[in-house]
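Note sheet for the following structure.
2 protein chains.
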Amino acid sequence: MPKETFSQRLDVLLRKQGTHLCVGLDPDPTKLPHPLHGRRTADALATFVEGIVEATRPSCTAYKLQLASFLAFGPEGIGAIPAVVRRIGEGRLRILDLKAGDIPNTMGLYAKAVFERLGFDAMTVSPFLGWESVEAVAQDPARGVFVLAHTSNPGARDLQERSVDGRPIWEELLQGIRERAGRGNLGAVVGATFPEALATARKVLGEDVPLLVPGVGSQGGDLEASLANGRGSGAGAMLINSSRGILFASSGDDWKEAARAEATRLSRAMAVRAP
Amino acid sequence: MPKETFSQRLDVLLRKQGTHLCVGLDPDPTKLPHPLHGRRTADALATFVEGIVEATRPSCTAYKLQLASFLAFGPEGIGAIPAVVRRIGEGRLRILDLKAGDIPNTMGLYAKAVFERLGFDAMTVSPFLGWESVEAVAQDPARGVFVLAHTSNPGARDLQERSVDGRPIWEELLQGIRERAGRGNLGAVVGATFPEALATARKVLGEDVPLLVPGVGSQGGDLEASLANGRGSGAGAMLINSSRGILFASSGDDWKEAARAEATRLSRAMAVRAP
Numbered sequence: 001m002p003k004e005t006f007s008q009r010l011d012v013l014l015r016k017q018g019t020h021l022c023v024g025l026d027p028d029p030t031k032l033p034h035p036l037h038g039r040r041t042a043d044a045l046a047t048f049v050e051g052i053v054e055a056t057r058p059s060c061t062a063y064k065l066q067l068a069s070f071l072a073f074g075p076e077g078i079g080a081i082p083a084v085v086r087r088i089g090e091g092r093l094r095i096l097d098l099k100a101g102d103i104p105n106t107m108g109l110y111a112k113a114v115f116e117r118l119g120f121d122a123m124t125v126s127p128f129l130g131w132e133s134v135e136a137v138a139q140d141p142a143r144g145v146f147v148l149a150h151t152s153n154p155g156a157r158d159l160q161e162r163s164v165d166g167r168p169i170w171e172e173l174l175q176g177i178r179e180r181a182g183r184g185n186l187g188a189v190v191g192a193t194f195p196e197a198l199a200t201a202r203k204v205l206g207e208d209v210p211l212l213v214p215g216v217g218s219q220g221g222d223l224e225a226s227l228a229n230g231r232g233s234g235a236g237a238m239l240i241n242s243s244r245g246i247l248f249a250s251s252g253d254d255w256k257e258a259a260r261a262e263a264t265r266l267s268r269a270m271a272v273r274a275p
Numbered sequence: 001m002p003k004e005t006f007s008q009r010l011d012v013l014l015r016k017q018g019t020h021l022c023v024g025l026d027p028d029p030t031k032l033p034h035p036l037h038g039r040r041t042a043d044a045l046a047t048f049v050e051g052i053v054e055a056t057r058p059s060c061t062a063y064k065l066q067l068a069s070f071l072a073f074g075p076e077g078i079g080a081i082p083a084v085v086r087r088i089g090e091g092r093l094r095i096l097d098l099k100a101g102d103i104p105n106t107m108g109l110y111a112k113a114v115f116e117r118l119g120f121d122a123m124t125v126s127p128f129l130g131w132e133s134v135e136a137v138a139q140d141p142a143r144g145v146f147v148l149a150h151t152s153n154p155g156a157r158d159l160q161e162r163s164v165d166g167r168p169i170w171e172e173l174l175q176g177i178r179e180r181a182g183r184g185n186l187g188a189v190v191g192a193t194f195p196e197a198l199a200t201a202r203k204v205l206g207e208d209v210p211l212l213v214p215g216v217g218s219q220g221g222d223l224e225a226s227l228a229n230g231r232g233s234g235a236g237a238m239l240i241n242s243s244r245g246i247l248f249a250s251s252g253d254d255w256k257e258a259a260r261a262e263a264t265r266l267s268r269a270m271a272v273r274a275p
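Here the protein sequences come in this chain order: A and B.
Residue numbering for the first sequence follows the working numbering, starting at 1 and increasing by one per position.
Residue numbering for the second sequence follows the working numbering, starting at 1 and increasing by one per position.
Structure (structure tokens):
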């Protein structure tokens with residue numbers, strides 16, 4: 001029996017959990033809840049992230065860990081990752097957000113590090129070094145690779161929206177992703193802050209290629225429009241990420257309860273409408 | 001007295017060391033020398049990297065650590081970085097090669113992690129998310145930021161060489177780097193595998209903006225042409241990186257001596273011609 005592809009696994013988990021919510025684990029050393037101040041760095045980080053996972057696990061389909069956030073705690077921050085990945089467990093997708101983009105030899109090292117050493121199910125990559133670099137991390141159909149196409153920040157206009165051969169770069173990238181998605185493990189990152197881009201993305205990618213959508217919450221993306229424009233076939237083939245809105249819902253003693261409440265609210269607002 | 005900028009410090013060190021050589025510390029778990037096999041991961045990595053630093057320190061101006069390479073050893077690999085940075089010391093430039101490209105909030109976390117927590121003097125960044133993301137890590141004039149323009153791999157053609165408004169993307173990026181280099185800390189990455197691109201790069205960047213040039217050695221870049229085309233004013237404002245040719249010069253008992261010999265040879269071949 002052929003192994004389940006990443007896209008198939010996403011579809012199964014979206015149906016099971018019933019929500020498009022992906023919780024972004026982007027801890028920030030300067031924003032930890034007050035009750036954790038004064039603790040040792042590694043201890044405060046572990047307590048915070050494990051508390052967030054415990055509070056949000058019933059309400060989400062995936063977690064996205066931001067490499068920069070863990071690195072900002074120093075080497076101990078990276079040391080905390082394997083325990084977080086294990087704590088989340090196989091019942092949710094675990095995505096490492098590092099937007100890797102390097103020469104193929106180096107991308108092979110990233111694949112080894114992220115999928116084998118750290119135990120993630122998927123990672124984000126930048127297309128700036130070309131398709132050979134994307135291919136170098138996308139060899140295993142069971143491991144997902146989300147390629148940046150149109151990011152959620154205003155600076156997305158500087159390069160991604162420039163026009164080559166009569167269409168914007170990000171649209172051409174989406175076409176390239178679709179052409180290479182046959183293995184069942186490529187997806188695209190398109191920000192919720194440009195909802196019209198999401199409609200174009202779904203059209204160019206087809207109904208089955210997964211979308212990872214950052215930018216709702218702190219960044220101001222439109223959730224309703226994102227859901228309407230980004231949903232594909234089956235369970236929708238889409239994850240919508242929220243980080244700061246959940247993590248820093250409260251900085252007081254009730255930080256865990258506040259995170260749980262916000263994740264529950266978002267989970268319902270992002271309900272899957274599977275056929 | 002105003003603080004020395006990154007570009008000024010590079011010029012001073014190029015004159016003092018007399019070479020453009022930047023040693024790339026890209027350890028690979030599958031390629032460590034035979035005498036280190038069987039040791040504990042962290043121990044083997046530390047012994048290897050410290051041995052390479054000891055053998056090559058007299059022959060170079062800078063070191064570039066590849067994040068993926070250390071991450072491929074697992075969290076312990078990242079744990080080994082601060083000791084390596086301290087071991088190299090302030091007499092050489094220490095560059096973290098992670099090609100970071102994220103939204104400004106996240107880039108701020110990278111700056112904190114790379115410059116404050118890990119102690120690097122410079123880092124590489126990708127321009128895919130626009131200039132606001134580059135600016136977010138380039139606030140301190142003493143810390144260098146090398147922006148990818150034209151990379152050393154064949155895949156550079158897929159996106160970087162595409163034409164917008166009548167000129168290739170990578171040339172436009174170089175123009176953008178020059179316009180933002182006034183703080184004295186921005187540089188550009190241009191691969192040695194495209195020597196004609198280096199000549200264009202130096203012309204667009206002007207004489208003072210630093211170039212970081214990967215791709216000589218294993219990747220087949222032309223050293224003579226790179227030197228002729230990339231040198232700027234003063235001590236040349238250029239670092240040329242060699243990784244695998246030095247690190248894996250021998251896999252036997254003489255690995256350290258072989259690395260020393262190769263670094264010495266390259267150091268002379270990349271001699272600075274300061275006025």
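Even glycine gets a Cβ: it sits at the ideal position worked out from N, Cα and C.
Here the structure is a predicted model, which is why all the values come from computation and not from measurement.
*Under the three-state reduction of DSSP, which class applies to B:Thr19: helix, strand or coil?*
Within the second sequence, numbered from 1, the residue matching residue 19 of chain B stands at position 19. It is a strand residue.
*Identify, in the order they occur along the chain, each residue of the same chain with its Cβ nearer than 8 Å to the Cβ of B:Cys22, setting aside the five sequence neighbours on each side.*
Within the second sequence, the letter at position 22 stands for residue 22 of chain B. Result list for B:Cys22: Cys60, Thr61, Ala62, Tyr63, Lys64, Leu93, Ile95, Leu212, Leu239, Ile240, Asn241 and Ser242, in chain order.
*Using three-state DSSP, classify A:Val263 as helix, strand or coil.*
Your numbering for residue 263 of chain A matches position 263 in the first sequence. Note that residue 263 of chain A corresponds to Ala in the displayed sequence, not to Val. Looking at A:Ala263 - three-state DSSP - the assignment turns out to be helix.
*State yes or no: is the C-beta of A:Ala259 within less than 9 Å of the C-beta of A:Ala249?*
Residue numbering aside, residue 259 of chain A sits at position 259 when the first sequence is read from its first letter. Residue numbering aside, residue 249 of chain A sits at position 249 when the first sequence is read from its first letter. Closer than 9 Å, so yes.
_Interface partners of A:Asn241 on chain B, CB under 7 Å_ = Here residue 241 of chain A refers to the residue found at position 241 when the first sequence is read from its first residue. Going along chain B, no residue has its Cβ under 7 Å from A:Asn241, so there is no contact; the nearest lies around 12 Å.
*Which runs of the beta strand (DSSP E) spanning at least 3 residues fall entirely within the stretch 176-260 of chain A, listed in chain order?*
186-190, 211-213 and 238-242
*Output the distance between the C-alpha atoms of A:Gly74 and A:Phe115, rounded to the nearest integer angstrom.*
Within the first sequence, numbered from 1, the residue matching residue 74 of chain A stands at position 74. Within the first sequence, numbered from 1, the residue matching residue 115 of chain A stands at position 115. Their Cα atoms are separated by approximately 21 Å.
_Judging by CA-CA distance, which residue of B:Leu67, B:Met123, B:Ile88 and B:Leu129 is the nearest neighbour of B:Gly79?_
The residue labelled residue 79 of chain B in the question sits at position 79 within the second sequence. When only C-alpha atoms are compared, the closest one is B:Leu67.
*Under 6 Å Cβ to Cβ from A:Leu173, same chain only, skipping five residues before and after it: list those, please.*
Numbered from 1 along the first sequence, position 173 holds the residue referred to as residue 173 of chain A. Contacts found: Pro127 and Ala149.
*Output yes or no for whether 9 Å exceeds the beta carbon distance between B:Ala142 and B:Lys3.*
As a first step, residue 142 of chain B is located in the second sequence; it is residue number 142 there, counting from the start. As a first step, residue 3 of chain B is located in the second sequence; it is residue number 3 there, counting from the start. Their beta carbons are under 9 Å apart, which means B:Ala142 touches B:Lys3 by this criterion.
_Span separating the alpha-carbon of B:Lys16 from that of B:Pro58_ = As a working note, residue 16 of chain B is residue 16 in the second sequence. As a working note, residue 58 of chain B is residue 58 in the second sequence. Whole-angstrom Cα-Cα distance: 11 Å.
*Residue span of the alpha helix (DSSP H) that contains A:Thr47, given as start and end*: If you number the first sequence from 1, residue 47 of chain A lands on position 47. Unbroken alpha helix (DSSP H) run through A:Thr47: Thr41 to Thr56.
*So is B:Glu257 buried or exposed if we call it buried at 16+ other beta carbons inside 10 Å?*
As a position in the second sequence, residue 257 of chain B is number 257, starting the count at 1. Its Cβ having fewer than 16 others within 10 Å, B:Glu257 is exposed.
*Got a sec: is the Cβ-Cβ distance from A:Gly187 to anything in chain B below 9 Å?*
Position 187 of the first sequence, counted from the start, is the residue given in the question as residue 187 of chain A. Judged by the 9 Å Cβ criterion, A:Gly187 is not in contact with chain B.
*asked:* Applying the 10 Å Cβ sphere with the 16-neighbour rule, what's the burial state of B:His37?
replied: One-based indexing of the second sequence puts residue 37 of chain B at position 37. B:His37 is exposed by the Cβ-count criterion.
_Sequence ranges, alpha helix (DSSP H) only - wholly within the stretch 139-169 of chain A, length at least 4_ = If you keep only unbroken alpha helix (DSSP H) runs of at least 4 residues inside the stretch 139-169 of chain A, you get 156-159.
*Output the distance between the C-alpha atoms of A:Asp158 and B:Ile246, rounded to the nearest integer angstrom.*
As a first step, residue 158 of chain A must be located in the first sequence, where it is residue number 158. As a first step, residue 246 of chain B must be located in the second sequence, where it is residue number 246. For A:Asp158 and B:Ile246, the distance between alpha carbons rounds to 38 Å.
*Between which two residues does the alpha helix (DSSP H) harbouring A:Met107 extend?*
Locating residue 107 of chain A in the first sequence gives position 107, where the first residue counts as 1. For A:Met107, the enclosing alpha helix (DSSP H) stretches over residues Pro104 to Ala111.
*Return the bridge partner residues of A:Gln66 from the DSSP annotation.*
Your numbering for residue 66 of chain A matches position 66 in the first sequence. DSSP output for A:Gln66 lists A:Asp97 as bridge partner(s).
_Endpoints, alpha helix (DSSP H) assigned at A:Val114_ = Residue mapping note: residue 114 of chain A aligns to position 114 of the first sequence, counting from 1. No alpha helix (DSSP H) contains A:Val114, which DSSP labels as neither H nor E.
*Is the CB of B:Ser267 under 9 Å away from at least one CB in chain A?*
What you label residue 267 of chain B is simply residue 267 of the second sequence in a count that begins at 1. Judged by the 9 Å Cβ criterion, B:Ser267 is not in contact with chain A.
*Are the C-beta atoms of A:Asp43 and some chain B residue less than 9 Å apart?*
Along the first sequence, one-based indexing puts residue 43 of chain A at 43. No, its Cβ sits nowhere closer than 9 Å to a Cβ of chain B.
*With a cut-off of 9 Å, does the C-beta of B:Pro195 fall near any C-beta of chain A?*
Residue mapping note: residue 195 of chain B aligns to position 195 of the second sequence, counting from 1. Chain A contact via Cβ: absent.
*Under 7 Å Cβ-Cβ, which residues of chain B neighbour A:Val164?*
The residue labelled residue 164 of chain A in the question sits at position 164 within the first sequence. Those within 7 Å of A:Val164 in chain B are Arg162, Ser163 and Val164.
*Would you check if the distance between the CB atom of B:Val164 and the CB atom of B:Leu186 is smaller than 9 Å?*
Here residue 164 of chain B corresponds to residue number 164 of the second sequence, with the count starting at 1. Here residue 186 of chain B corresponds to residue number 186 of the second sequence, with the count starting at 1. Going by C-beta atoms, B:Val164 is not nearer than 9 Å to B:Leu186.
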